[in-house]
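Presented below is the structure to which this report refers.
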Amino acid sequence: MSGGYDIQDHTADLRLRVWGSNFRETLTWACLGMWSLITDTETVPREMTWEVEVTGSDPEELLVNFLNEQLVLLEADGLVAGGVEFLNVEERGDRYKVKAVFSGCRIDKLSKPLDRQIKAATYHRLEVAPTGASITFDV
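Have a look at this one:
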């Protein structure tokens, strides 16, 4: 997989620029980049897997919904992702759907506290293209 992410300075929030060779890779790197803002993903034990499936009316809504669903699972269920095992994107008419499988652990299994809390992925200055995206997070 060719791609990556870059954390950008942004006043009062965190901004992340991601890229990949296609939209699937862009979404994957957006997940990995967001989780790297929250914790050192290299130290997250891969004790369990879970599935996330969300929809959106366009790529922008899909990306924001997808990242925010992961934040909900962190807050509600204590799920911390260390990696993306599988990710698939479908376009059906005027709806987009992403289905992903994450590996990681519950928050109480981490060896150290989270580095920071992210409240939400936002639409502020959101830019999404098939091979890249820029996302601002409310912290």
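Under our numbering, the residues of the sequence shown are numbered 26 to 164, in order. Ideal placement from N, C-alpha and C gives every residue a C-beta, glycine not left out. This structure is a prediction, so every number in the text was calculated from the model and none was measured.
Residue 58 carries a helical assignment under DSSP once its states are collapsed to helix, strand and coil. Between residue 107 and residue 71, the CB-CB gap stays under 8 Å. Excluding sequence positions up to five before and after residue 64, its CB lies within less than 6 Å of the CB of 139 and 140, all in the same chain and listed in chain order. In chain order, 60 and 107 place their CB closer than 6 Å to the CB of residue 66, counting only its own chain and leaving out the 5 sequence neighbours on each side. The secondary-structure analysis by DSSP pairs residue 28 across a beta bridge with 45.
Residue 85 holds the alpha-carbon nearest to the alpha-carbon of residue 120 among 85, 162 and 28.
Rounded to the nearest angstrom, the Cβ distance from residue 112 to residue 105 is 18 Å, too far for a contact under 8 Å. With a cutoff of 8 Å on beta-carbon distance, residue 151 and residue 89 are scored as near each other.
For residue 151, the uninterrupted beta strand (DSSP E) run begins and ends at 145 to 154, by DSSP.
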